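Chains as they are written, first to last, in this note's numbering: chain A, 585 to 853; chain B, 467 to 873.
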């Protein structure tokens, strides 16, 4: 009895210690989770208010032998403040897909809504947005890599600091909330001053490094919005790469909801 | 995109620009004309000897389609001209041209007006397009019936929060095209397309009209349509004359109510189309419904594997005219997701009443480079039942290789 009584303070002390250690880990985890989220929120917050953009782009697809193929397209995007953005992509090349247009309503919590317009049949087809991990136009970009960044699509974890291209960066890991994402996590290098990504590592469902995306030629628009005019995706597993070049981008062109519906998809040019 | 500026150096560009300047009042300030198009050479080879002496085992066919587009008035107005011409080695009826589109589009705030010769698609299913009725089928082009003739029309679309309502006024009717005696596949008797019979006393000048409402509610796409006018589908009646017998197309007046629905549930797409038709000859109901399920990145590859299942129903008794009476289509679509955009679609349409009656098809295509593409198509027909439409095609199994040029 007495011995057990004597032991009692010791066990409770140990328990307290263990609890303390556990709590501090949890707090630390919570801290880095909170910090990752804070960085992501700041990133999103600094990019609010751009309203709409119209961009002209080329994708250069290269295989490991250095053979290349091009895609030319134009995109229109509309900022939706309380939900994901709306984008309309019109393809110009390759020639056989010229006039094909793709409409995406990105959503934070429910699956995206997508339609494709097939010009030969004059047909608008609703498509399943489940195919987010599939290649976009045969490139190394997946459909999910082409959508705009939304906070609700990820859980975040701040994992450290780094210097990349002579700039100070946060490293934040983001874990896709959607079970149909092709990734377990994305490791993002975010500029401490500008709050924009410079590099993203994509880890596949087996958690091995799949692709590395590097953003360059950042340009500031309207004194507030940074846009990368060159993004290069390297597939570490098959040696292929895709370069996404933005030739021009215009902000606040006056696009509205009516420019992003099935009717506008049919007359997209 | 080929942008030919009116100041362009080449003669063709100058000519097109000049033509456009004449067509469009210069006050509208049309400057740019976008020209693109397709040309292809197709080699078809039939696997069996022909049923009829006029027909050959092999056939070469070429076609070209040009698309000339210009917009003006800040893009609120545009004109699209799309002529088409095919030259066929054996079938003189298949050598034909058409204005697929010649249409002026005006876009308002919440409305659109299309005036001219246009093309419209309605519907959701893959194996059969029941609801789609605005354009006549250019039946001579392909066996799947997806090629259409340009339809003269005035089309007003009202775009509202509660959906898009489209009104169509069609002042001129286009007759269905059919293979000639040298054509393959064809019906046993020649179809006398020079002497069609119309129920309407205005014949092809009968004024047809249609209205359609369509909208989407989250995962659901819904369309409801009504058509009143000349039936696009003729009733073929044998006409026996002194030395010959032909099939004469009869185009009755038709009232059609159509419904089309699509639902997205994860990787599943559920599709349905139903029509109810009323003519002076017969009233009937037809429907098609099924699903498409896509497996993304199968076997750890970047391939998508899709499964298509559709059931076709038609309550008409006349077997000969209705291929899709109680039939099941099973198909699969393989999308390679590669640089060349390679895709293969294959399937079988099985008659559930006549086990010997079925049709199989393969469609495959891939890009060679930015301008060239190859495609391979095959159709296989089987039937022991002379009353089945597919019986007419029992000796017409064919493979076709096409080389397509896009500019």
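Note that beta-carbon positions come from the ideal geometry of N, C-alpha and C, so glycine has one too.
Given the structure is predicted, the values throughout are model-derived calculations rather than measurements.
Query raised in the report: Which of helix, strand or coil does DSSP assign to residue 672 of chain A?
Result: strand
Query - Alpha-carbon spacing of residue 773 of chain B relative to residue 760 of chain B, whole angstroms - result: 6 Å
Requested in this report: Would you give the residue range spanned by the alpha helix (DSSP H) that residue 742 of chain A belongs to?
Outcome: Note, residue 742 of chain A: premise wrong, no alpha helix (DSSP H); beta strand (DSSP E) at 738-748.
**Report entry** Inter-residue spacing [alpha-carbon to alpha-carbon] between residue 616 of chain A and residue 599 of chain A
**Finding:** 25 Å
Query raised in the report: When DSSP builds the beta bridges, which residues end up paired with residue 532 of chain B?
Result: B:503
Report task. Could you pull out every unbroken alpha helix (DSSP H) segment of at least 4 residues lying fully inside the stretch 732-758 of chain B, listed in chain order? Result -> none
Query raised in the report: Rounded to a whole number of angstroms, what is the C-alpha to C-alpha distance between residue 714 of chain A and residue 818 of chain A?
Result: 24 Å
**Report entry** Range covered by the alpha helix (DSSP H) that runs through residue 729 of chain A
**Finding:** 727-730
Query - Beta carbon proximity, residue 494 of chain B to chain A, threshold 7 Å - result: Confidence is the limiting factor: at residue 494 of chain B the pLDDT is only 46, short of 50, which leaves the residue's position unreliable, though a coordinate-based value still follows. So no, residue 494 of chain B is outside the interface.
Report task. Look at the alpha carbon of residue 661 of chain B and the alpha carbon of residue 715 of chain B, and state the distance between them as a whole number of angstroms. Result -> 8 Å
Report task. Could you check the C-alpha separation between residue 495 of chain B and residue 841 of chain A for me, to the nearest Å? Result -> Residue confidence is low: residue 495 of chain B scores 47 on pLDDT, short of 50, so the model does not pin down where it sits. Its coordinate-derived value is still stated next. Their Cα atoms are separated by approximately 28 Å.
Query raised in the report: Listed in chain order, which residues of the stretch 821-845 of chain A have Cβ atoms closer than 8 Å to some Cβ of chain B?
Result: 842, 845
Query raised in the report: Which of the three DSSP states, helix, strand or coil, is assigned to residue 861 of chain B?
Result: coil
Query raised in the report: The beta strand (DSSP E) spanning residue 665 of chain A covers which residue range?
Result: Careful: residue 665 of chain A lies outside any beta strand (DSSP E) and carries neither H nor E.
Query raised in the report: Shorter than 7 Å from the beta carbon of residue 630 of chain B to some beta carbon of chain A?
Result: yes
Query raised in the report: Name the residues in the stretch 605-627 of chain B whose C-beta lies less than 7 Å from a C-beta of chain A; which are they?
Result: 612, 623, 625
Query - Residue from A:795, A:631, A:710 whose Cα sits closest to the Cα of residue 728 of chain B - result: A:710
Query raised in the report: Mind checking if residue 546 of chain B is an interface residue toward chain A, Cβ cutoff 7 Å exclusive?
Result: no
Query raised in the report: Is the shortest distance between the beta-carbon of residue 722 of chain A and the beta-carbons of chain B less than 7 Å?
Result: yes
Requested in this report: Using the Cα positions of residue 871 of chain B and residue 552 of chain B, report the straight-line distance between them to the nearest angstrom.
Outcome: 15 Å
Query raised in the report: What is the rounded straight-line gap between the Cα of residue 652 of chain B and the Cα of residue 630 of chain B?
Result: 40 Å
**Report entry** Closer than 9 Å at the beta carbon, the chain A residues around residue 873 of chain B
**Finding:** 679
Query - Residues of the stretch 739-754 of chain B whose Cβ lies closer than 7 Å to any Cβ of chain A, in chain order - result: none
Report task. Flag this pair as touching only if the stretch 574-592 of chain B and the stretch 741-761 of chain B have three or more C-beta atom pairs under 8 Å; answer yes or no. Result -> yes
Query - At least 3 beta-carbon pairs within less than 8 Å: the stretch 699-712 of chain B vs the stretch 672-689 of chain B - result: no
Requested in this report: Using a Cβ cut-off of 7 Å (strictly closer), state whether residue 505 of chain B contacts chain A.
Outcome: no
**Report entry** Test item: CB-CB of residue 701 of chain A and residue 849 of chain A under 7 Å
**Finding:** yes
Requested in this report: Could you check what DSSP says for residue 639 of chain A in three-state terms: helix, strand or coil?
Outcome: strand
Query raised in the report: Would you say residue 837 of chain B and residue 679 of chain A are within 7 Å of each other, going by their C-beta atoms?
Result: yes
Report task. Grab the span of the beta strand (DSSP E) containing residue 794 of chain B for me, first residue to last. Result -> 792-801
Query - Beta-carbon gap between residue 567 of chain B and residue 545 of chain B smaller than 7 Å - result: no
Requested in this report: Could you list the residues in the stretch 790-808 of chain A with a C-beta less than 7 Å from some C-beta on chain B, going in chain order?
Outcome: none
Query raised in the report: Leaving out the 5 sequence neighbours to the left and right, which residues in its chain are closer than 6 Å to residue 535 of chain B when beta-carbon positions are compared?
Result: 500, 546
Query raised in the report: Measuring CA to CA, which of A:685, A:804, A:778 is closest to residue 628 of chain A?
Result: A:778
Requested in this report: Pick out whichever of B:821, B:522, B:548, B:642 has its Cα sitting closest to the Cα of residue 602 of chain B.
Outcome: B:642
Report task. From the DSSP output, in three-state form, read off residue 614 of chain A for me. Result -> helix
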